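Report on one structure; see the data block that follows.
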Amino acid sequence: MRKNRWELEIACLEVAVRLDAENGELWAELGKCYRKMGDRGGSLRILEEAVIAYRTAVQHLPHLHPDRTLSLDSLVAVLLCCYARSGDIDVLNDAISRNREALAFWSASGHLNRSSSYDTLASALFSLYERIGDIDILTEAALHYRKALDLRPSPHPNRASSLDGLANVLYSMYEHNHEVTFLNEAISLNREALDTTAANRPLFLNNLAKALLSLYERNRNIDVLIKAIEYSRGALALQPAPHPDRPSSLANLANALFTLYERSGNAADLREVISLSDEALQLNAMPGPNRSLFYNSLAKAHLSLFVRDGNMDALSKAISHARNALALRPAPHPHRPSSLLCLANALCSLYEWNRDADVIYEAISLAREAEALLPASHPNYIKSLNSLINGLKVLYKDNGDVDALVEAISLGRRALELQPSPCPDPSSSSSLVDTLLLFYKYNQEVNILTEAISVARGVLISRPAPHPDRLSSIGSLVNALRSLYERNSDVETLGEMIGLDEEALTLPMPLPKRSSILHSLGKAFHSLFLHNGDKRDLEKAILHNRNALALRPALHPDRSSSLINLSNTLYSLYKLNHDVKVLDEAISLCREAVSLRPLHQPDRASSLNHLANLLCHLYEHDHQIEGLDEAISLTRKVLQQAGNYINHSSDDSVDVANGLYSLYERNRVVEVLNRAILLDRESLDLWPANHARHRSLLCRISNGLKMLYKHHNHTDALDEAISFIRRALVLQPSQHSDRPLVLTSLVDTLRLLYERDRDISVIREAISTAHQVLELRPVPHPDRPSSIGVLVSVLCSLYERNGDVATLSEVISLQEQALSLPMPSLGDRLSTIDSLANALYSLYERHGRVEGLNQAVSRRREALELRPASHPNHFSTLDNLAKELTSLYIHRREVSLLEEAISRHRQVLELVRPRMLALTLDVSQVDTKVRGLDPSSAQYRAYRIEELLFLLHTRLEITGDEKNREETRVLQEELEKLEVDGLEGGKSEGAAGE
Numbered sequence: 001m002r003k004n005r006w007e008l009e010i011a012c013l014e015v016a017v018r019l020d021a022e023n024g025e026l027w028a029e030l031g032k033c034y035r036k037m038g039d040r041g042g043s044l045r046i047l048e049e050a051v052i053a054y055r056t057a058v059q060h061l062p063h064l065h066p067d068r069t070l071s072l073d074s075l076v077a078v079l080l081c082c083y084a085r086s087g088d089i090d091v092l093n094d095a096i097s098r099n100r101e102a103l104a105f106w107s108a109s110g111h112l113n114r115s116s117s118y119d120t121l122a123s124a125l126f127s128l129y130e131r132i133g134d135i136d137i138l139t140e141a142a143l144h145y146r147k148a149l150d151l152r153p154s155p156h157p158n159r160a161s162s163l164d165g166l167a168n169v170l171y172s173m174y175e176h177n178h179e180v181t182f183l184n185e186a187i188s189l190n191r192e193a194l195d196t197t198a199a200n201r202p203l204f205l206n207n208l209a210k211a212l213l214s215l216y217e218r219n220r221n222i223d224v225l226i227k228a229i230e231y232s233r234g235a236l237a238l239q240p241a242p243h244p245d246r247p248s249s250l251a252n253l254a255n256a257l258f259t260l261y262e263r264s265g266n267a268a269d270l271r272e273v274i275s276l277s278d279e280a281l282q283l284n285a286m287p288g289p290n291r292s293l294f295y296n297s298l299a300k301a302h303l304s305l306f307v308r309d310g311n312m313d314a315l316s317k318a319i320s321h322a323r324n325a326l327a328l329r330p331a332p333h334p335h336r337p338s339s340l341l342c343l344a345n346a347l348c349s350l351y352e353w354n355r356d357a358d359v360i361y362e363a364i365s366l367a368r369e370a371e372a373l374l375p376a377s378h379p380n381y382i383k384s385l386n387s388l389i390n391g392l393k394v395l396y397k398d399n400g401d402v403d404a405l406v407e408a409i410s411l412g413r414r415a416l417e418l419q420p421s422p423c424p425d426p427s428s429s430s431s432l433v434d435t436l437l438l439f440y441k442y443n444q445e446v447n448i449l450t451e452a453i454s455v456a457r458g459v460l461i462s463r464p465a466p467h468p469d470r471l472s473s474i475g476s477l478v479n480a481l482r483s484l485y486e487r488n489s490d491v492e493t494l495g496e497m498i499g500l501d502e503e504a505l506t507l508p509m510p511l512p513k514r515s516s517i518l519h520s521l522g523k524a525f526h527s528l529f530l531h532n533g534d535k536r537d538l539e540k541a542i543l544h545n546r547n548a549l550a551l552r553p554a555l556h557p558d559r560s561s562s563l564i565n566l567s568n569t570l571y572s573l574y575k576l577n578h579d580v581k582v583l584d585e586a587i588s589l590c591r592e593a594v595s596l597r598p599l600h601q602p603d604r605a606s607s608l609n610h611l612a613n614l615l616c617h618l619y620e621h622d623h624q625i626e627g628l629d630e631a632i633s634l635t636r637k638v639l640q641q642a643g644n645y646i647n648h649s650s651d652d653s654v655d656v657a658n659g660l661y662s663l664y665e666r667n668r669v670v671e672v673l674n675r676a677i678l679l680d681r682e683s684l685d686l687w688p689a690n691h692a693r694h695r696s697l698l699c700r701i702s703n704g705l706k707m708l709y710k711h712h713n714h715t716d717a718l719d720e721a722i723s724f725i726r727r728a729l730v731l732q733p734s735q736h737s738d739r740p741l742v743l744t745s746l747v748d749t750l751r752l753l754y755e756r757d758r759d760i761s762v763i764r765e766a767i768s769t770a771h772q773v774l775e776l777r778p779v780p781h782p783d784r785p786s787s788i789g790v791l792v793s794v795l796c797s798l799y800e801r802n803g804d805v806a807t808l809s810e811v812i813s814l815q816e817q818a819l820s821l822p823m824p825s826l827g828d829r830l831s832t833i834d835s836l837a838n839a840l841y842s843l844y845e846r847h848g849r850v851e852g853l854n855q856a857v858s859r860r861r862e863a864l865e866l867r868p869a870s871h872p873n874h875f876s877t878l879d880n881l882a883k884e885l886t887s888l889y890i891h892r893r894e895v896s897l898l899e900e901a902i903s904r905h906r907q908v909l910e911l912v913r914p915r916m917l918a919l920t921l922d923v924s925q926v927d928t929k930v931r932g933l934d935p936s937s938a939q940y941r942a943y944r945i946e947e948l949l950f951l952l953h954t955r956l957e958i959t960g961d962e963k964n965r966e967e968t969r970v971l972q973e974e975l976e977k978l979e980v981d982g983l984e985g986g987k988s989e990g991a992a993g994e
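Per UniProt numbering, residue 1 is the first one in the sequence shown, and the count goes up by one each step.
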């Protein structure tokens with residue numbers, strides 16, 4: 001009915017203005033009717049008619065006419081209504097210009113209406129700031145709101161409106177420069193507005209909730225967040241559909257609940273966020289500035305849903321919504337950086353699945369734009385750096401772009417420097433630690449690892465329990481400690497990792513984080529088992545891995561990692577109990593992991609390696625060659641497409657051959673070795689010649705060919721082995737850290753060639769090469785002792801050929817040097833002592849150097865002290881010492897030496913009994929004079945009785961003491977019996993021959 005009346009009034013006024021076109025008052029009345037009708041019906045066209053009418057009224061009314069300024073105010077109001085519906089920034093600028101004109105009149109006249117003009121101008125300027133992000137505009141808006149408030153003391157009916165407007169401006173200033181004073185004042189003004197009037201309560205509740213949400217993000221006080229959600233729900237309850245402000249309230253509540261989800265991980269909160277944002281978008285179907293908020297909210301929620309459940313449909317929706325939000329926020333829109341980062345993060349997630357290079361480059365470009373748009377003081381600036389860091393890390397991981405990694409580290413350090421100490425943003429510290437660990441993996445520089453651990457420890461110390469970010473800080477430190485453990489194998493480091501993860505399990509957390517911690521604990525306990533062999537640790541590893549897998553159902557993006565972890569631990573259990581059912585489960589889990597890792601994923605390679613290794617073990621049970629052929633077939637399928645995805649930034653490529661080499665070491669089946677070598681040959685061409693993987697394959701093929709020669713007498717294989725190892729050396733940079741390893745392999749291969757052909761030039765080349773290795777490992781290099789051992793072995797081969805005392809002297813000098821250095825184990829030290837003692841004895845035996853005999857006895861005594869009776873090499877050491885003491889006594893004629901020699905021979909005879917030595921003792925190093933005899937045989941015992949009798953007779957001659965006459969008699973009788981038994985044994989053998 002009222003609409004009909006307005007239509008009638010408009011029709012009458014349209015006739016009137018045609019008759020009196022310059023009558024400003026008539027035009028003002030016409031504008032008023034159009035405005036009321038437009039407000040009622042929401043038609044932009046009707047409002048635009050009101051704009052035309054008011055413009056004409058202002059044009060025709062005299063400059064100082066009071067109705068002209070009223071018409072200006074009305075024109076401003078209608079223009080702002082049009083902007084709210086169209087989002088046309090030109091309309092907004094026109095409204096601001098007209099508002100300034102009206103305000104100039106009201107200020108000059110001192111009219112009380114100027115408070116409304118201040119208020120309206122401030123509101124319009126705030127809308128302009130939201131579009132272009134100019135802080136000067138925001139500062140002017142705050143100034144006009146303060147002037148309006150000065151003119152609206154309590155209990156002015158419009159004071160609450162100005163309080164709310166100023167609070168919004170101050171909140172935006174806080175968002176811009178992160179000055180907490182602005183936020184605190186905004187909260188105070190919001191509370192005053194809420195207490196001042198019952199009108200506009202939903203608006204004031206929403207704005208207070210929004211400010212409290214920012215306060216929570218600053219102080220992480222959960223009570224503040226709960227209060228923000230309470231206020232948001234209160235506002236929404238007061239705005240049922242089709243209330244025009246319901247979409248904004250829906251968006252505010254969705255934002256607060258999303259923050260709660262990020263803390264609690266409650267899926268119900270995330271589902272409510274999506275439902276609220278969908279409703280807001282449907283209710284706000286018309287284009288406008290608020291629509292981008294709903295798109296952005298939906299994008300973040302769907303991206304979180306994808307991260308939680310691995311739902312690709314959710315990721316597609318996240319990207320679509322993020323693009324829609326970004327399109328509605330052209331530069332310099334103040335919220336454009338937020339949309340840029342949201343889309344960049346979603347694209348990074350997409351790249352993890354499709355490995356499309358264009359996707360990751362777009363993500364990095366978006367993050368760079370966001371970083372460029374934000375001042376360093378802006379709270380989202382750190383997020384822009386973190387997003388850019390993540391993109392650069394992906395670029396390094398997949399393309400080996402070291403410059404990208406170096407830039408990521410630089411940005412990470414900058415992000416940490418910009419944050420308040422001692423509580424930096426957890427995502428920034430974690431991101432820097434992760435980036436440093438990548439760089440450490442690249443260059444193995446311990447100072448990089450030390451920095452990563454230091455950063456992680458510092459952040460954790462600043463967040464004592466129950467700090468809400470302690471959980472993420474624990475995870476960051478555990479990751480850094482894992483790299484340290486991989487370097488030093490220190491069980492204390494492993495224990496600290498386990499302790500931190502177990503503490504993390506006691507903290508409140510969302511399910512996705514719980515699964516990650518269980519996953520980490522499973523790996524740590526598995527490492528502890530591998531370190532100490534305690535089956536209880538393996539059982540804990542299996543339990544934690546099963547629990548982690550249960551929290552990662554099908555489609556979960558990390559399910560494949562849990563499958564591999566559990567498969568690995570079951571494989572260790574299989575190696576303990578050899579239960580084929582355990583092996584079958586490990587294979588089944590690994591097959592599922594492979595199926596979840598498409599060809600473009602780098603982790604697929606390691607999964608195939610593991611599966612191949614498991615199939616090799618299954619072959620040992622069922623002897624079905626099909627298992628091995630399946631592993632090789634899987635490898636070849638990957639290798640056919642390797643050029644498209646193979647990860648040249650790491651050594652984590654397809655390596656099924658490694659499992660075959662391991663199998664060969666156990667079963668010595670030549671077909672297995674041939675398959676391993678063939679696979680390595682096929683893989684070789686996939687890697688560029690300058691890549692470390694190409695060189696490592698050359699070395700491994702060479703080692704495989706050496707095994708083919710040593711164990712299966714394939715003569716040609718040895719020549720080819722030398723060819724491959726020489727190629728590897730040519731391709732390897734002279735200062736490469738692995739060069740000593742390749743040179744050592746060449747030495748070993750040349751030694752085999754010398755043993756085959758007896759070509760003196762070959763052993764001389766081997767010695768020259770071994771000297772190069774030693775030069776590359778100066779004191780105090782930890783591998784220098786082992787390199788000395790390699791050189792000694794080839795020098796010994798030369799000495800056996802030429803018998804040159806200079807060569808033997810070099811051997812002795814090198815071994816004495818090795819013993820002056822720290823060695824990896826007592827076993828290594830004892831082996832070196834044995835070798836040195838043998839060389840010293842040779843110096844005496846073959847060159848008559850008595851000083852060599854003196855030192856040999858001294859070294860042998862040292863070895864015997866370190867080898868108790870239960871030691872497998874105790875007998876050989878004792879046997880050699882007894883022999884060498886006899887020789888030393890003969891030269892020096894010292895009674896003490898004679899007594900010690902007699903004592904040692906008695907100890908030897910106690911051990912040299914038939915079948916006794918075979919039980920526990922290693923007899924590989926017995927006296928060279930009788931190496932052809934079995935130390936557990938009667939012949940060997942007879943030999944040692946003769947030695948002891950000689951010593952006892954000698955002592956009798958010297959001292960005349962007959963106290964051992966009975967022992968001598970018993971030994972003589974046993975010797976005669978052994979000799980008679982030996983003769984009879986010989987006759988029996990002769991008769992059997994006849």
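Just so it is clear, CB atoms sit at the ideal spot from N, CA and C, and this is done for glycine as well.
Note that the coordinates shown come from a computational prediction; the quantities given were computed from them, not determined experimentally.
Next on the checklist: As a quick exercise: from Leu821, Leu563, Asp828, Arg756, pick the residue whose alpha carbon is nearest that of Ser588.
Outcome noted: The residue given as residue 588 occupies position 588 in the sequence shown. For the residues Leu821, Leu563, Asp828, Arg756, the minimum Cα distance to Ser588 belongs to Leu563.
Checklist entry - Is the region 803-818 in contact with the region 757-764, if contact means three or more CB pairs nearer than 8 Å? => result no
Next on the checklist: With the cut-off set at 7 Å, would you say Ala160 and Ala186 are in Cβ contact?
Outcome noted: Within the sequence shown, residue 160 is the residue found at index 160, counting from 1. Within the sequence shown, residue 186 is the residue found at index 186, counting from 1. No, the Cβ-Cβ distance between Ala160 and Ala186 is not below 7 Å.
Item to check | As assigned by DSSP and simplified to three states, the class of Gln939 | outcome: Position 939 of the sequence shown, counting from 1, holds the residue named residue 939. Gln939: helix per DSSP, three-state reduction.
Checklist entry - What are the boundary residues of the alpha helix (DSSP H) that Met823 is part of? => result For the purposes of this step, residue 823 is taken as residue 823 along the sequence shown, with counting starting at 1. From DSSP, Met823 is part of no alpha helix (DSSP H); its letter is neither H nor E.
Checklist entry - Whole-angstrom Cβ separation of residue 1015 and Leu388, contact assumed at under 8 Å? => result Residue 1015 cannot be examined here, being either before or after the span of the chain that is shown, 1 to 994.
Item to check | Nearest-angstrom Cβ-Cβ length linking Gly836 and Ile812, presumed shorter than 8 Å | outcome: Locating residue 836 in the sequence shown gives position 836, where the first residue counts as 1. Locating residue 812 in the sequence shown gives position 812, where the first residue counts as 1. Contrary to the premise, residue 836 reads as Leu rather than Gly in this sequence. Going by Cβ atoms, the distance from Leu836 to Ile812 rounds to 7 Å, so yes, they are a contact pair.
Next on the checklist: With H, G and I counted as helix, E and B as strand and the rest as coil, what does DSSP make of Asn802?
Outcome noted: One-based indexing of the sequence shown puts residue 802 at position 802. Here Asn802 sits in helix by DSSP.
Checklist entry - When burial is assigned at 16 or more other CB atoms within 10 Å of the CB, is Ile701 buried or exposed? => result As a first step, residue 701 is located in the sequence shown; it is residue number 701 there, counting from the start. Burial call: buried.
Next on the checklist: As an exercise, report each continuous alpha helix (DSSP H) stretch of at least 4 residues that is fully enclosed by the region 50-120, in chain order.
Outcome noted: 66-86, 89-109
Checklist entry - Out of curiosity, what's the CA-to-CA distance linking Gly310 and Ala593? => result As a first step, residue 310 is located in the sequence shown; it is residue number 310 there, counting from the start. As a first step, residue 593 is located in the sequence shown; it is residue number 593 there, counting from the start. In a straight line, the C-alpha of Gly310 is about 15 Å away from that of Ala593.
Checklist entry - Where are the alpha helix (DSSP H) runs, 4 residues long or more, that stay fully inside the region 352-402, in chain order? => result 357-373, 379-399
Checklist entry - In three-state DSSP terms, what is Val930? => result In the sequence shown, the residue the question calls residue 930 occupies position 930. Because Val930 carries a pLDDT of 44, less than 50, the predicted location of this residue cannot be relied on, and no value is offered for it.
Item to check | DSSP three-state assignment for Lys32, whether helix, strand or coil | outcome: Walking along the sequence shown from the start, residue 32 turns up at place 32. Here Lys32 sits in helix by DSSP.
Checklist entry - Thinking C-beta only, is Tyr295 closer than 7 Å to His335? => result Residue numbering aside, residue 335 sits at position 335 when the sequence shown is read from its first letter. Residue numbering aside, residue 295 sits at position 295 when the sequence shown is read from its first letter. Against a cut-off of 7 Å, the Cβ pair of Tyr295 and His335 comes out as no contact.
Next on the checklist: Let me check understanding here. Comparing Cα to Cα, which of Ser292, Pro553, Leu303 lies closest to Glu262?
Outcome noted: By one-based count along the sequence shown, residue 262 stands at place 262. Checking every option, the nearest Cα to that of Glu262 belongs to Leu303.
Checklist entry - Nearest chain D C-beta to Ser768 closer than 7 Å, yes or no? => result The structure shown has no chain D; it contains just one protein chain.
Checklist entry - Tell me which same chain residues have a C-beta within less than 7 Å of the C-beta of Ala95, skipping the five on either side of it? => result Working through the sequence shown from its first residue, we reach residue 95 at position 95. Here the set comprises Val76, Leu79, Leu80, Tyr83, Ala124.
Checklist entry - Using 8 Å as the Cβ pair cut-off and three pairs as the minimum, do the region 529-536 and the region 504-516 touch? => result no
Next on the checklist: Considering only their Cβ atoms, is the gap separating Leu956 from Leu971 smaller than 7 Å?
Outcome noted: As a working note, residue 971 is residue 971 in the sequence shown. As a working note, residue 956 is residue 956 in the sequence shown. Taking 7 Å as the Cβ cut-off, Leu971 and Leu956 do not qualify as a contacting pair.
Checklist entry - Taking all protein chains shown into account, do 16 or more other C-beta atoms lie within 10 angstroms of the C-beta of Asp879, making it buried, or fewer, making it exposed? => result What you label residue 879 is simply residue 879 of the sequence shown in a count that begins at 1. The residue is buried, with at least 16 neighbouring Cβ atoms inside 10 Å.
Checklist entry - Between Val91 and Gly24, what straight-line distance do the alpha-carbon atoms span, to the nearest angstrom? => result Position 91 of the sequence shown, counted from the first residue, corresponds to residue 91. Position 24 of the sequence shown, counted from the first residue, corresponds to residue 24. Those two C-alpha atoms are separated by around 22 Å.
Item to check | Residue of Ile958, Ala404, Asn93, Thr886 minimising C-alpha distance to Ile364 | outcome: The count along the sequence shown starts at 1 and reaches residue 364 at position 364. Nearest option by C-alpha distance: Ala404.
Checklist entry - Is DSSP giving Pro157 helix, strand or coil here? => result Within the sequence shown, the letter at position 157 stands for residue 157. Here Pro157 sits in coil by DSSP.
Item to check | For Lys963, the three-state DSSP class (helix, strand or coil) | outcome: Translated into positions along the sequence shown, residue 963 becomes position 963. Correct three-state label for Lys963: coil.
Next on the checklist: Given the structure, does His617 come close to the ligand FAD, in the sense that its CB is under 6 Å from one of the ligand's heavy atoms?
Outcome noted: No copy of the ligand FAD appears in this structure; indeed no ligand is present at all.
Item to check | Chain-order list of residues whose beta-carbon lies under 6 Å from that of Glu9 (same chain, five-residue window excluded) | outcome: In the sequence shown, counting from the first residue as 1, residue 9 sits at position 9. Cβ within range, chain order: Cys33.
Item to check | From Arg291, Ala254, Ala280, Arg233, residue whose alpha carbon lies closest to that of Val273 | outcome: If you number the sequence shown from 1, residue 273 lands on position 273. Minimum Cα distance to Val273 is reached at Ala254.
Item to check | Close-in-space but distant-in-sequence residues of the same chain around Arg55 (CB under 7 Å, 5 per side omitted) | outcome: Counting from 1 along the sequence shown, the entry for residue 55 is found at position 55. Only Leu75 meet the Cβ criterion.
Checklist entry - Can you tell which of Thr450, Asn324, Arg859, Ser377 has the C-alpha that lies nearest to the C-alpha of Ala299? => result The count along the sequence shown starts at 1 and reaches residue 299 at position 299. Of Thr450, Asn324, Arg859, Ser377, the residue nearest in Cα terms is Asn324.
Checklist entry - In the structure shown, what three-state DSSP assignment does Thr954 receive? => result Taking the first residue of the sequence shown as 1, we reach residue 954 at position 954. In the structure shown, Thr954 sits in a helix (DSSP, three-state: H, G or I).
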